[in-house]
Each structure stands twice: as C-alpha cells, then as structure tokens.
Ligand code: PEP
Ligand code: MN
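Numbering (my numbering), first residue to last: 364 to 724.
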C-alpha cells in the first residue's frame, strides 16, 4: 500500500534541484581550516550543501568521536563564506538544539539512530515546528518498515522537507562493500512513498574510495535523486572513514563522469523494441511460474512419503548436492553463484514450508 505523506520536492529546500542533488563534505569536521578549505573547493564545483559530522557514532570506544559543538561555529563560517547550506548528523535532542541554535540548515539521522524508535521519536518531538530538511538514513538492519517508521515519526512533527538516504546495511558476512546496498529495498521504498526523494550515500556503502563511482552511477540508473559523498583534502590522514573519502578534485571528476539518464523517452523505435522485449519477459516469467508450480507439486509428494515413513524434512546431504550442482550448472550458463544461491535458498525454504504443513497435518 502506498503511503501518502505531505512531502515537498527538493526544490523547496532553497537549492537549485538539478539531478543529482549533491551533498558533500568530510565524514568529520576536524579543524576549522580543513572544514573551510573543503567547503570552498566543493562550492567551486557547484555543490550547494556541505556535510560534516560534528558528533560521530563510532563502533568501538576510544576512537575520534567528533569535535563537538565547536565545529558548529566552523559550519557557520562555511555558510557565510560560500553561501552553502550546512548539514550534520543529530543523534539526540541535545544535538538537535545545538545544531538549530547555530543555524545548521539540514539535519540527518544516522543509521544507528534510525534503528531506534525511541531516539527517533525524541528527535521528532524536538523538531516540532521547525521547517528545515531532515534526511533519514536507513537503519543498519535491512528493515524497510523500521526505515519508513522513522520517516513517519519525523513527518509527524510537521516536517515536510524530507528525504531518505540509502547508506547500505551491515552484515556479518564479508563482501566487497562496507555496508552492502539493498537496491530492492530502495525500489520498494519508492513504490510505497512515491514523492519521497531518495539520496544515495555511496561512501558508506562502498567503504573504499575506488568503489564510490560505480555505486553512485548505479543509484542514478535506478532513478535516485541525489548523492551524499564524503570528501576530505587528504583522506589518508582523515580522523574517520579515511578509506572511503574522496578529495574534492575526485568529487569533481565523479560529477563530470556520472551519467544521468532520463527515466523515459518518446523515441518510437525505443518504445517499440522495449515493448517487444517486455512481452518476451512476460512470457518467460509465466514459464518460470509454471515450472515452480510443477516443482512444488513434486515437493508435496515428497512431503507425503516423508510423513508415511516418518522421516524429518531436512536432508542436509541432498540439499548440499542440489545447491552445488545448481551453482555448477549456473556458472556454465553465465549465472552468478550469488544469484543461484539466493534463488535456490528461496526455493528450498518454500519447499520446507510446504513439507512442514504436510507433516503437521
Ligand atoms: C556519516 O554519514 O558519517 C555516518 C556516520 O553515517 P551512517 O549513519 O550511515 O553510518
Ligand atoms: Mn563517515
């Protein structure tokens, strides 16, 4: 079901809202000089919103936890000297009051905070009557309802300048990404909240500067509205997230190289060939569904013989053999192991569900 909140477009934020809306600046404000020089370089690229973390939520203690309130004065100088809007993360009511008092223009709620409804509600209550953009990062766990819930709490305080930030999701499993993106979650978010701007944070998704561009390009190809990118004059000596920060010059290169493609075109040849290909896809999808239905009918028969013979559902050796053989066959057909594994795990889980019903009937 679609959720209809009163959300204004990015053009209401007081910036020129051409796509992508760019937000950039250091992970953390470290010194006044670092903040001002970074802001000037980014402003020269046409970037209108400057980000810097003032209070930093760190995973382990005894790391740099941000400069604190003194950094807000530096943000004020950035605004006065460049005309940029300034943005920072707030994680509690004290942060909200201090940031507002010092004229910060845009606030974002970090991933660890948006996972906590109590914290989000307290922030929302502190924002009552305030009319500035509030950006809500996805919670660290891939729970779309929790993300939407955080956005609804902020909207409930009367905030209409809202956006979501996709910064990827934590997982125990190792991957190329620091926080694996879940593009399907953002696609579902767009479906549920059609008027909500979605901003991608390729820095925290990638965790490595050389992966930032490809993540940013993917977000643009999925029709997302903006990018929030960490930038530091000398990432190697940054006090936080050095591996993923780009120099302002690299941010400029990214902006030059990124392709912004429209969602639709009126070109007749294109629309015709797309329609033809889509009808092929529809037929293939029907075949897939018929095949799955046949597979599940066999699964039911297996469930019945297991019940008659009183054996358990899971046969680990058989499952290992199915997945190994599917991956081998998939590989020879150019299908990635990751995809095959996900697909077969889903099929297997459904088979287990069907057999569970039969065994318990
Ligand atoms: C950040 O933007 O610097 C930050 C801490 O992000 P996240 O909440 O996504 O980890
Ligand atoms: Mn960071």
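Note that beta-carbon positions come from the ideal geometry of N, C-alpha and C, so glycine has one too.
* Asked: Over what stretch of residues does the beta strand (DSSP E) that includes residue 593 continue unbroken?
  -> Sequence index remark: in the chain shown, residue 593 carries index 230 (1-based). That run of the beta strand (DSSP E) goes 589-593.
* Candidates 696, 687 and 488: closest to residue 457 by CA position -> Numbered from 1 along the chain shown, position 94 holds the residue referred to as residue 457. Nearest C-alpha to residue 457: 488.
* Mind listing, in chain order, the continuous alpha helix (DSSP H) runs of no fewer than 4 residues lying wholly within the segment 394-478? => 395-407, 433-445, 456-464 and 474-477
* Asked: How many Å lie between residue 678 and residue 459 at the Cα?
  -> As a position in the chain shown, residue 678 is number 315, starting the count at 1. As a position in the chain shown, residue 459 is number 96, starting the count at 1. Taking the straight line from one Cα to the other gives about 55 Å.
* Would the C-beta of residue 420 count as close to the ligand PEP, meaning under 8 Å from any of its heavy atoms? -> What you label residue 420 is simply residue 57 of the chain shown in a count that begins at 1. Checking every heavy atom of the ligand PEP against the Cβ of residue 420, one is found closer than 8 Å.
* Asked: Is the beta carbon of residue 645 within less than 8 Å of some heavy atom of the ligand PEP?
  -> Taking the first residue of the chain shown as position 1, residue 645 is located at position 282. Residue 645 Cβ: outside cutoff for every heavy atom of the ligand PEP.
* Asked: Under a three-way DSSP split, which group does residue 498 fall into?
  -> Locating residue 498 in the chain shown gives position 135, counting from the first residue. Strand at residue 498.
* Taking residue 562 and residue 518 to be in contact with their CB atoms under 8 Å, please state how far apart those CB atoms are, rounded to whole angstroms. => On the chain shown, residue 562 is found 199 positions in, with the first residue counted as 1. On the chain shown, residue 518 is found 155 positions in, with the first residue counted as 1. With 8 Å as the limit, residue 562 and residue 518 do not qualify as a contact, their Cβ atoms being about 17 Å apart.
* To do: Could you check the C-alpha separation between residue 494 and residue 522 for me, to the nearest Å?
  => Position 131 of the chain shown holds residue 494. Position 159 of the chain shown holds residue 522. Roughly 6 Å separates the two Cα atoms.
* Asked: Can the beta-carbon of residue 366 be found less than 9 Å from the beta-carbon of residue 511?
  -> In the chain shown, the residue the question calls residue 366 occupies position 3. In the chain shown, the residue the question calls residue 511 occupies position 148. In contact: residue 366 and residue 511 (Cβ atoms closer than 9 Å).
* Asked: Per DSSP, residue 686 forms a beta bridge with which residues?
  -> Position 323 of the chain shown, counting from 1, holds the residue named residue 686. Answer by DSSP bridge pairing: none, since residue 686 is not bridged.
* **Separation of residue 388 from residue 404, as counted between CA atoms** => By one-based count along the chain shown, residue 404 stands at place 41. By one-based count along the chain shown, residue 388 stands at place 25. Each residue's Cα considered, the two are about 10 Å apart.
* Kindly provide the chain-ordered list of residues whose Cβ lies closer than 5 Å to any non-hydrogen atom of the ligand MN. => 390 and 604
* **chain D contact for residue 428 (CB, 9 Å cutoff)** => No chain D appears in this structure, which consists of one protein chain only.
* How many Å lie between residue 675 and residue 692 at the Cα? -> Working through the chain shown from its first residue, we reach residue 675 at position 312. Working through the chain shown from its first residue, we reach residue 692 at position 329. About 28 Å.
* **CA nearest to the CA of residue 661, picked from 570, 724 and 713** => Taking the chain shown and counting its residues from 1, the one referred to as residue 661 is at position 298. Out of 570, 724 and 713, 713 has the C-alpha closest to the C-alpha of residue 661.
* Do you know whose CA, among 446, 441 and 468, lies nearest residue 453's CA? -> Position 90 of the chain shown, counted from the first residue, corresponds to residue 453. Considering only alpha carbons, the answer is 468.
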